[in-house]
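Quick notes on the structure that follows.
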Amino acid sequence: MERQFTLSCCSTVDLPYSYMADRDIPVLFYTYVVDGREYVDDMGRDPEALPRFYRFLEEGKLPQTSQINVGTYLSFFEKLLQKGDLLHIAFTSGQSGSVHNAMLAAKELQEKYPERKLIVIDSLCSSSGYGMLVDTVADLRDEGKSIEEAAQWVRENRNTVHHQFFSSNMTQFRRTGRVSGAAAMVATIMSICPIMRLDDAGAIKAYGKVRGKKKAVETTIEAMAKHAQGGENYDKRCYVCHSQCPEDAQMLIDGLEARFPRIKGKIRLCDIGTIIGSHSGPGTVAVFFYGDERPKMD
C-alpha cells in the first residue's frame, strides 16, 4: 500500500540502525562529548562504538550530552520534506528539551513549505520503549494511514508504552547526582537494585528497591503482569534492552517468555545506547510493553 508520509525519529530509540534503515525510518543522531571530543550515538553502525563508550565509563569519565539544536532539526527536516509530508516522533521531553527545538524548527519550515505537512510529537518515551512506539507507527504508515491518523494514534497511545526497569550498578547514578555517594555505597554492599519506571510525563521515577538481581527480575515481571494489556494473555510487542549485562537481560527474557506465552513474535533484545547509557551506566535492564495508562507520579 502506498505510504502517505515519511516517519522519522531520533537515535535514542535504542534500536539497531540497520533495523531502522530496513524499515525506512530516517534517524537524527544525538551526540555526546568526552575529553572535549564529540562522539555520535552510533546505533550499532560501528561495532567498536559502544564498547569504547563503556570503557570511558570504566575509566571514570563522565560523558556530556546536550540537546539537538534548532539548526540541526531544520537541516534534517528540510531534506525529508522534499519527499512529502513528515511525521517526526521526538525523544521524551521528560529527559531532554530537544523536542521544543524540533517544534520551533517545524514552525519555521511550515511557513517556508505551506504545501507540506510537518508534525512533531513528543513521544513521552525513552530508549527501546521509544523505539517500540516508532516501530508500531511504521506499521500504520505501511498500512496506508494518513499522517493525521498516525499522529492521533501516537497522542492516544504514547502513555500506554510502559518502561519498567532496574539497575544492579549504582556507579553512574552516583556520578550524575541521581543518588548520593553514601546511598550508592550502601546499595552496592547490600546488592540493592532500585526498581524504576517512566511516569506519564516521560520522566524516570524510582518507586521501589529489592535485594538481588533475581528478585529484581521477578518484581519487573510482576509489574508487567499487573499493567500489560490483557495481563498474562498479552499479545503485542515486547522489547527488552540492557547496558552491558546480557546475562541479566536473558534472565528477564526467559521469565517473560514463561509468563507471557502469547507475546507477538520474538522478544526483541537491544543495547542501551550511549545517550541513555550516559545516565544509566552499566547494569540496567528494561522491558517495554503496551499497558494501561502510565501513572502520574510525584
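Numbering-wise (the numbering used here), the sequence shown opens with residue 593 and increments by one.
Heads up, the beta-carbon is just placed ideally off N, CA and C, and yes, glycines get one too.
Here the structure is a predicted model, which is why all the values come from computation and not from measurement.
For a test of the three-state rule: what should DSSP assign to Tyr831, helix, strand or coil?
strand
Taking the CB atoms as reference points, tell me whether Val879 and Tyr831 lie closer together than 9 Å.
yes
Going straight from the alpha carbon of Asn749 to that of Ala742, what length do you get?
11 Å
For Gly721, count the other beta carbons within 10 Å of its own beta carbon; 16 or more makes it buried, fewer makes it exposed. Which is it?
buried
Per DSSP, what kind of secondary structure is Gln756 in: helix, strand or coil?
The three-state reading of DSSP puts Gln756 in strand, counting E and B together.
Can you list, in chain order, the residues of its chain whose CB lies under 8 Å from that of Lys675, leaving out five sequence neighbours each side?
Counting only Cβ-Cβ distances below 8 Å, and skipping sequence neighbours, we find Thr598.
Per-residue burial, Asn825 [other beta carbons within 10 Å of its own, 16 or more giving buried]:
exposed
Reference Arg829; option with closest CA among Cys837, Ala820, Gln836 and Ser835:
Ala820
C-alpha distance - Lys806 paired with Met695, whole-angstrom precision
Taking the straight line from one Cα to the other gives about 43 Å.
Gly686 and Leu790: beta carbons closer than 9 Å?
The answer is yes: Cβ separation under 9 Å.
Once the 5 residues before and after Ala817 are set aside, which same chain residues still bring their CB inside 7 Å of it?
Gly823, Glu824 and Arg851
In the structure shown, what three-state DSSP assignment does Ala694 receive?
helix
Do you know offhand how far Thr623's Cα is from Gly663's?
15 Å
On the criterion of 16 or more Cβ atoms from any shown chain inside 10 Å, does Pro655 qualify as buried, or is it exposed?
buried
Go through its chain and collect everything with a Cβ distance to Val778's Cβ below 8 Å, but skip five positions before and after it.
Any answer about Val778 is weak, because its pLDDT of 46 lies below 50 and its placement is not dependable; what the coordinates show is given next. Here the set comprises Ile784.
So, are the CB atoms of Gln836 and Tyr646 less than 9 Å apart?
yes
Among the residues of its own chain, which have a CB less than 6 Å from the CB of Asp734, if the five just before and after it don't count?
none
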